[in-house]
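Here the structure comes first, spelled out in structure tokens, and everything after it is commentary.
2 protein chains.
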Amino acid sequence: MTSTHDQIILVTCTLLEKQGYPATGLNEIVKESGAPKGSLYYYFPDGKEQIVSEAVLFSGKILVERLQTELAKHSDPIQAIYEYIMRLAGKVEEMQFAAGNPLTIVAIEAAGSSERISQACREVYSQLQAAFQEKMVSAGMAVSEADERARLTLASLEGGILLSRVYRTADPLRALAGHLRDTLQNSNPPQTESAERHP
Amino acid sequence: MTSTHDQIILVTCTLLEKQGYPATGLNEIVKESGAPKGSLYYYFPDGKEQIVSEAVLFSGKILVERLQTELAKHSDPIQAIYEYIMRLAGKVEEMQFAAGNPLTIVAIEAAGSSERISQACREVYSQLQAAFQEKMVSAGMAVSEADERARLTLASLEGGILLSRVYRTADPLRALAGHLRDTLQNSNPPQTESAERHP
DNA sequence: GTCTATACGGTGATAGAC
DNA sequence: GTCTATCACCGTATAGAC
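Protein sequence lines, in the order shown, are assigned to chains A and B.
Take the first sequence: its letters are residues -4 to 194, numbered as in this note's numbering.
Take the second sequence: its letters are residues -4 to 194, numbered as in this note's numbering.
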């Protein structure tokens, strides 16, 4: 039982993920959502830009929450990230290589056209990066180093999603998961009595 | 002095990079290229799909050649990749965060709609990956390992381009370059009599 | 090979009845 | 809050003269 407003946002998310921003029409959203067309501009007076921005933020919120939940399952951030990406790979396969959120595709399209949408995408990306970073910091990594590692994780993750989509295989994501696990080491781990390091 | 055909392809490349596939109109291509509209369907009887496919392949060819040229400048593949990405970062800044080729954005959009365009993108990606891989193999890395490393390089590179575009900063690309240089090591380096190094 | 005119559907958006 | 009708414009694609 979802409201008309929420139903519009929901269906917009899936259409965006499949087709992107310019290719997704308002008529299509109306038709797929079953919402009355008259309601569209009632709930979203700023039109398409507003609908898409809200859809990005909405799906981003879910995405960040899910990421945090997954990361919390392992105390070791590297293992947690590995598991997260492997799980994502499975999900991408299930969904036939639409990752289940409109972020990647909308971000790249809207960057040159709509500042409002672009801003929404940046916000979500920043939250995702922060989630990775906090996880690493909580395990004893220095903040600046965690920042760099989180950036790389995010960048390669987005690239992996892109390649998985184009090749219609989750292999790039799985390969990425393994590589990050091997290379995402802490160069300044917390000091312990037994295993001290002297750089 | 370029032919009408080539001029159409050329301007299509830049429009695609800026706006993507659905957002780029045939009328716009005609207008920007200065080509006569009548010529469009004379040179490209299959319409938009054909124009875009050819544009992707054309820009891909240039991209691969440029990559190979850059990689050839350093004997060490890791250093070569580092320099390449750093140079790309500069270029992305100059071009105001349009990377100068339509691949990243078109690939992700067309994945779900046009198989013909999707195929063109896959072809270019495979060539790019092969260029990275061959460079690593030529420096003594095992083929299977070079394959994995090349995949990761490509994936994170695409993600870096995406983030640079969204944030309107080349920082993600530069951070990526540094990280890859630190982590893209050969786990099975070629054996030499002494510890030789070629500066 | 090029040009003009045009077909026909879809687009985002609005107005006004209910 | 919802619905219908309608707007002006844009999209791709084609036809036929030159």
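Beta carbons are placed, not taken as given, at the ideal position from N, Cα and C, and that holds for glycine.
Counting only the Cα atoms, K26(B) lies some 12 Å from Q2(B). Three or more Cβ pairs closer than 8 Å define a contact, and the segment 3 to 12 of chain A meets that threshold against the segment 85 to 98 of chain A.
Residues of chain A whose Cβ lies closer than 8 Å to the Cβ of L147(B) are, in chain order, S151, A170, L171 and H174. Cβ contact annotation for A30(A) (same chain, cutoff 7 Å, sequence separation greater than five): T(-1), Q2 and I3, in chain order. Around the beta carbon of Q128(B), 16 or more other beta carbons sit within 10 angstroms, so the residue counts as buried. Think of a sphere of 9 Å around the beta carbon of T7(A): no beta carbon from chain B falls inside it, the nearest being about 16 Å out. Residues of chain A whose Cβ lies closer than 8 Å to the Cβ of I100(B) are, in chain order, I103 and E104. A residue is called buried when at least 16 other Cβ atoms come within 10 angstroms of its Cβ; E104(A) meets this threshold and is buried. Judged by DSSP secondary structure, T(-1)(B) falls within the alpha helix (DSSP H) whose first and last residues are T(-1) to Q14. Identification of chain A residues near P167(B) by a Cβ-Cβ cut-off of 8 Å yields R146 and A150, ordered along the chain. In this structure, the straight-line span from the alpha carbon of A84(B) to that of E153(B) is close to 12 Å. In the DSSP annotation of this structure, F92(B) is not part of any alpha helix (DSSP H), being labelled neither H nor E. When DSSP assignments are scanned along the segment 97 to 160 of chain A, the uninterrupted stretches of alpha helix (DSSP H) that are 4 or more residues long and fall wholly within it turn out to be 98 to 105 and 110 to 133. Using a CB distance cut-off of 7 Å, R82(B) does not count as an interface residue toward chain A. If you draw a straight line from the Cα of C8(A) to the Cα of L147(B), it comes to about 28 Å. Under the Cβ criterion (8 Å, minimum of three pairs), the segment 68 to 82 of chain B counts as touching the segment 128 to 141 of chain B.
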